[in-house]
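**Student:**
Protein chains: 2
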Amino acid sequence: MTVPDIPPGSLFGVDNLPYGIFSAGGGTPRAGVRVGEHVLDLSAVLDDPVFAAGSLNPFMAQGYDRWVAARAQIQDLITGDVPAEALHAVDDVTLHLPIEVADYVDFYASEHHASNVGRLFRPDAEPLLPNWKHLPVAYHGRAGTVYVSGRDIVRPSGQRKGENGPVFGPSQRLDIEAELGFIVGTGTPANTPISPDDFAQHVFGAVILNDWSARDIQAWEYVPLGPNLGKSFATSISPWVVPILALENARVPLPGQTTPKPLPYLRETDPWGLNIDLTVTWNGQPVAHPPYREMYWSPAQMLAHLTINGASARTGDLYGSGTISGPNQDQRGSFLELSWGGKTPITINGKPKTFLDDNDEITITASAPAANGSRLSFGDVSGRILPAR
Amino acid sequence: MTVPDIPPGSLFGVDNLPYGIFSAGGGTPRAGVRVGEHVLDLSAVLDDPVFAAGSLNPFMAQGYDRWVAARAQIQDLITGDVPAEALHAVDDVTLHLPIEVADYVDFYASEHHASNVGRLFRPDAEPLLPNWKHLPVAYHGRAGTVYVSGRDIVRPSGQRKGENGPVFGPSQRLDIEAELGFIVGTGTPANTPISPDDFAQHVFGAVILNDWSARDIQAWEYVPLGPNLGKSFATSISPWVVPILALENARVPLPGQTTPKPLPYLRETDPWGLNIDLTVTWNGQPVAHPPYREMYWSPAQMLAHLTINGASARTGDLYGSGTISGPNQDQRGSFLELSWGGKTPITINGKPKTFLDDNDEITITASAPAANGSRLSFGDVSGRILPAR
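These protein sequence lines map, in sequence, to chains A and B.
If you read the first sequence in numbering that gives the first Met the number 0, its first letter stands for residue 0, the second for the next number, and so on.
If you read the second sequence in numbering that gives the first Met the number 0, its first letter stands for residue 0, the second for the next number, and so on.
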C-alpha cells in the first residue's frame, strides 16, 4: 500500500481529481482519476463495474448523488493508502476518448468572438445579429468525429469559392477554435426542459475543446443551413473531465445580460460564469489567453436553451461554448480573429503566419481557481496538422 | 410449419422484405422482416445473435455480402415452410425504432423545395443561393430525438420574432417535411471518403422521414449557424427499413446536373435517382404527392459529400434527403410551400388550414417499383400533434 504523492502546488491535487479513460501495460481501457503525476485506477479501488467500462458514460448515468459520493470516497482514499499497483505514472498510460458522445452541439456564446466575426464578414452592418443577445445561438456538430487530444488532424479537402465558381482542394484557411466543452451526465426525457438552476444535477464535467475549422470550406457552404464540412472533419477534446463539483470556486458573475434581460426560461436565480484561463500555444509559442469569464451566455443557460423546445438530453451529450475571445487582441481564441481574417499575420518563431500550415502543432491548456486557495488544471488538448491526403 | 401467406398484389411481397425491430406478446424487441400482413421473427429462423438485438445495427455492421446472403436466405425461407410461431400478425406486434442512430444529417436536395423556400424568404433575389447547384447543402440534426412512427409530437415552445423583440410560447407555424432517410450500414474510417459509386456497399436501406419543423422558431434562430430548436424537438421515421437491394428497379436517371456539372468527387459513373412516390395525408385527406424522382442530388452524392472532408461515417448514421417537392403545386412536401408561407390556406375536411393545429394527424406513405413488375411499400410514418406543455 502507498500514499499517492502529490507535488506541492500541483494543479492535479485533491481539489481537482478529473476523470478519464486510460489503458496501461496492455490492459483494457478503464476509468481513472488523475492525482498529481499519477493515474489512480478506479476499477481497482472502487467496487463498481462502471469503472471497468471503456467510457465514463455508465458512471455518469448514475447521477449527481453518486458523483458526490464517489468524489468524497476518492478524496478519502488518496489521503490514505491505496494499492501500489492501482497507481500508474501518467507518462506510462494511454489516454482514450473519455466519453461516448451522444449528441454534440456547439454554441457561439462569446460576445467578443461573435462581434469580431460579424465585423470581419459584414463590415458595414451591426456586428451582432438581432437574435444574438436573446438566445444562445448554436448548431449540431458531428458526434462521430470527436477525438481525444493527441490525434493528428489531416488537413481537410473540400469546395471553396474560386474566381469562376467553386474549386476543390485542401483547405487553405485551417483554423482552431479554443472552447470549453460541457458533458451531460444525466439527461432529461422529452418534453421536460432543464431549468438553468438544475445545471449541477445534470452536467457532470468540463473539458477543453478545439473545434478545428476550415474557414474557406465553411464560408462557401454555410448559407442557409450553417456550418457542415468546414467543421465536421474533427473536434478534439482534452482527456481529463474536470468535475463540475471541482469548479465551485471558479464561479464568477456573468459580465452582461442587462440589455436585454433574457427571457424567463433563460434566467438563473444566481447567474454565474466560470473564471477559467486558457492559453493557446502554436508550435510552442503562446499566442492567446482566452478568458472564459468574459462569456456572455452561461453553461446553465446553454443547456436550458437546448431542452426548452421539448428535446431530450442524454448521458454523453457534449456541448461546446463556442470560441472563447476576450476584449483584447491577445485574448482571441481563433486565428481568424488573431490574424483579422488573414490580413495581419502573427509572428510565430520569427515567421509570419495566418492560418495553420502542415506539421503545425496546437496545444490549448486551461486552469481555474479550486477549493482551499489552490488552482486546478484541465490538462491540455493538442493536435498536429498532417498534409491533406 | 407453414408457408407465409402473401395476398396477391401485396406491396410487402418477396421483392420488398423490409427489416424492422418488433416485440410481441411481452417478448424483447428483436429483428423481423415484413411479409404480407405478417412479421417473420428473424431471431427464430436465422441462426445469428444479431437478430436478437434491439436494433438493426449489429446486422447492418456485418456488411454488404451478408445483406445479400441474408436476403436470399429469407426469400428462400418464405417460399417454403417456416415455424408457425415465428410468424406474427402485423397488427399484433409493437414496432420500435429500427436503428440506433449514430449521426443524423439532413440535406436540402430538392431544387423545387429550395427554390420555393428562396422565393418565400428572399422574394427579390435569385431563389437558389450560389452554392446550391455545386454541393448538396446539409446540416447536422439531433440524433437523440429521432423517433419511430406513431409517437405523438408535443407542440414545441420557443422564441419567435415579435413586434418589440422576441416572444416565447408554443410554435404557431408547426410544419412537416416529407423526406426519405438513408441508413448507413457500414461506415468508413476517417480520411477515407466514400465514392458515389460505392454507395451500395455502405448504405443498407431507406425509410420515410418526417422532419417536423417549427417555422417561427427556425426563422428567428437560424442566422448564422442554421436551424436548431426549430427542428431538434422531433424527427419521425417509418419502422420498416427497405433494403437498397430491393430498390434496383426503382432507379431512374437524375433530372439535372448539366449546368453546372458537379465537381469530380460528386460524379457517378451512372448517375441515378429513385422513382419513389410519396403521399402526405392530413387528417385523413391526401394533400400532396411528392415525387422522389425529381430530386436534384442523388443519395450516393449526399454520402460522398459527407465524407469528402475526411469525416468518418458509422453504422447507424442516418441522412435525410430534405423536403421532397415536385414542380406542381400538389407535389410540395411541406405546408410552408403548400400554403405559400401561410398565405393561401389548404382546405382540409372543409376547413381552411395553413400549419398544424393541435390533434392534427399526419401520415406519409411511399411506394416504388420492385422486381418482377411488382411494387413495394415503405409502410408509413405517422404522428399526431399534442398541445404544448
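All C-beta atoms in this analysis are idealised placements derived from N, C-alpha and C, irrespective of residue type, glycine included.
Just so you know, these numbers come straight off a predicted model, no measurement behind them.
When DSSP labels each residue in this structure, what does Asn-56(A) get in the three-state scheme?
**Tutor:** Looking at Asn-56(A) - three-state DSSP - the assignment turns out to be helix.
**Student:** Would you verify that the beta carbon of Asp-174(A) is, or is not, closer than 8 angstroms to some beta carbon of chain B?
**Tutor:** Chain B contact via Cβ: absent.
**Student:** Against chain B, does Tyr-295(A) count as a neighbour if the rule is that its beta carbon must be under 8 angstroms from one of theirs?
**Tutor:** Not closer than 8 angstroms to any Cβ of chain B, the Cβ of Tyr-295(A) fails to qualify, so no.
**Student:** Whose CA, out of Asn-274(A), His-111(A), Leu-45(A), Thr-364(A), lies closest to the CA of Asp-75(A)?
**Tutor:** The candidate whose alpha carbon is nearest that of Asp-75(A) is Leu-45(A).
**Student:** Tell me whether Leu-385(B) sits in a helix, a strand or coil according to DSSP, three-state version.
**Tutor:** Reduced to three states, the DSSP call for Leu-385(B) is strand.
**Student:** In terms of residue numbering, what span does the beta strand (DSSP E) encompassing Trp-281(A) cover?
**Tutor:** Element bounds for Trp-281(A): 276–281.
**Student:** Grab me the residues of Val-92(A)'s own chain with a C-beta within less than 6 angstroms of its C-beta, minus the 5 sequence neighbours each way, in chain order.
**Tutor:** Excluding positions up to five away in sequence, the list reads Phe-21, Ala-23, Val-38.
**Student:** Once you ignore the five residues that flank Asp-151(B) on each side, which residues in its own chain have a CB closer than 8 angstroms to its CB?
**Tutor:** For Asp-151(B), where only same-chain residues beyond five positions count, the Cβ hits under 8 angstroms are Gly-382, Arg-383, Ile-384, Leu-385.
**Student:** Thinking just about the alpha-carbon of each residue, which of Arg-159(B), Leu-119(B), Gly-117(B) is nearest to the one in Ala-213(B)?
**Tutor:** The shortest Cα separation from Ala-213(B) among Arg-159(B), Leu-119(B), Gly-117(B) belongs to Arg-159(B).
**Student:** Of the residues Thr-362(A), Ala-189(A), Met-294(A), Leu-41(A), which one's Cα is nearest the Cα of Ser-114(A)?
**Tutor:** Closest option to Ser-114(A), Cα to Cα, is Met-294(A).
**Student:** Any idea which residues DSSP pairs Val-240(A) with across the strands?
**Tutor:** DSSP lists Tyr-18(A) as partners of Val-240(A).
**Student:** Which first and last residues belong to the alpha helix (DSSP H) in which Arg-159(A) is found?
**Tutor:** Looking at the DSSP string, Arg-159(A) is not in any alpha helix (DSSP H); the run it does join, the beta strand (DSSP E), is 156–159.
**Student:** With DSSP run on the structure shown, which of helix, strand or coil describes His-391(A)?
**Tutor:** A query on residue 391(A) cannot be resolved here, the shown segment of chain A reaching from 0 to 388 and no further.
**Student:** Using a Cβ cut-off of 7 angstroms, pull out every chain A residue sitting near Asp-102(B), in sequence order please.
**Tutor:** Arg-141, Ala-142, Gly-143, listed in chain order.
**Student:** Given Pro-351(B), which residues of its chain have a CB within under 6 angstroms of its CB, disregarding the five upstream and five downstream residues?
**Tutor:** Cβ within range, chain order: Pro-344.
**Student:** Is DSSP giving Val-116(B) helix, strand or coil here?
**Tutor:** Helix.
**Student:** Should Ala-310(B) be flagged as near chain A, meaning a C-beta pair shorter than 8 angstroms?
**Tutor:** By this cut-off, Ala-310(B) is an interface position.
**Student:** Is it the case that the stretch 164–173 of chain B contacts the stretch 215–224 of chain B, given that we only count it when at least three CB pairs across the two stretches are under 8 angstroms?
**Tutor:** Verdict: yes, contact present.
**Student:** Should Pro-368(B) be labelled buried (16 or more other beta-carbon atoms within 10 Å of its own) or exposed?
**Tutor:** With 16 or more Cβ atoms within 10 Å of its Cβ, Pro-368(B) is classed as buried.
**Student:** Compare the beta carbon distance of Ser-148(A) and Ser-9(A) with 8 angstroms and say whether it is the shorter of the two.
**Tutor:** Contact: no.
**Student:** Let me check one thing: in DSSP terms, what residues is Asp-376(B) bridge-paired to?
**Tutor:** Position check: residue 376(B) holds Ser in this sequence, whereas Asp was assumed. DSSP lists Ser-366(B) as partners of Ser-376(B).
**Student:** Within 8 angstroms (strictly less), CB to CB, does Arg-266(B) reach chain A?
**Tutor:** So, not an interface residue.
**Student:** Within 10 angstroms of the Cβ of Thr-346(B), are there 16 or more other Cβ atoms? Answer buried if so, exposed if not.
**Tutor:** By the 10 Å Cβ count, Thr-346(B) comes out exposed.
**Student:** Does Gln-328(A) pass the burial test, meaning 16 or more other C-beta atoms within 10 Å, or should it be called exposed?
**Tutor:** Exposed.
**Student:** Excluding five sequence neighbours on each side, which residues of the same chain lie with their C-beta closer than 6 angstroms to the C-beta of Glu-36(A)?
**Tutor:** Same-chain partners within the cutoff: Val-89.
**Student:** When burial is assigned at 16 or more other CB atoms within 10 Å of the CB, is Asp-14(A) buried or exposed?
**Tutor:** Its Cβ being crowded by 16 or more others within 10 Å, Asp-14(A) is buried.
**Student:** Taking just the CA atoms, how far does Leu-317(A) sit from Ile-77(B)?
**Tutor:** Cα-Cα distance, rounded: 45 angstroms.
**Student:** Helix, strand or coil: how does DSSP classify Ser-42(B) here?
**Tutor:** Residue state, collapsed to three classes: helix.
**Student:** To the nearest angstrom, how far is the alpha carbon of Glu-110(A) from that of Thr-306(A)?
**Tutor:** Glu-110(A) and Thr-306(A): Cα-Cα distance of roughly 22 angstroms.
**Student:** Give the DSSP-derived three-state secondary structure of Phe-354(A) in the structure shown.
**Tutor:** Of the three classes helix, strand and coil, the one that applies to Phe-354(A) here is coil, per DSSP.
**Student:** Residue range of the beta strand (DSSP E) that Ala-137(A) falls in?
**Tutor:** Element bounds for Ala-137(A): 137–140.
**Student:** For Gly-204(A) versus Val-240(A), is the C-beta distance shorter than 8 angstroms?
**Tutor:** In this structure, Val-240(A) lies closer than 8 angstroms to Gly-204(A) by Cβ.
**Student:** Between the beta-carbon of Ile-323(B) and the beta-carbon of Gly-315(B), is there less than 8 angstroms?
**Tutor:** Their beta carbons are not under 8 angstroms apart, which means Ile-323(B) does not touch Gly-315(B) by this criterion.
**Student:** List the endpoints of the continuous alpha helix (DSSP H) containing Phe-232(B).
**Tutor:** Phe-232(B) -> no alpha helix (DSSP H), and no H or E assigned at all.
**Student:** With three or more beta-carbon pairs closer than 8 angstroms as the criterion, would you say the stretch 128–136 of chain A touches the stretch 256–275 of chain A?
**Tutor:** Yes: the two stretches touch, three or more of their Cβ pairs being nearer than 8 angstroms.
**Student:** Can you grab the Cα-Cα spacing for the pair Gly-117(B) / Pro-126(B), in whole Å?
**Tutor:** C-alpha separation (whole angstroms): 4 angstroms.
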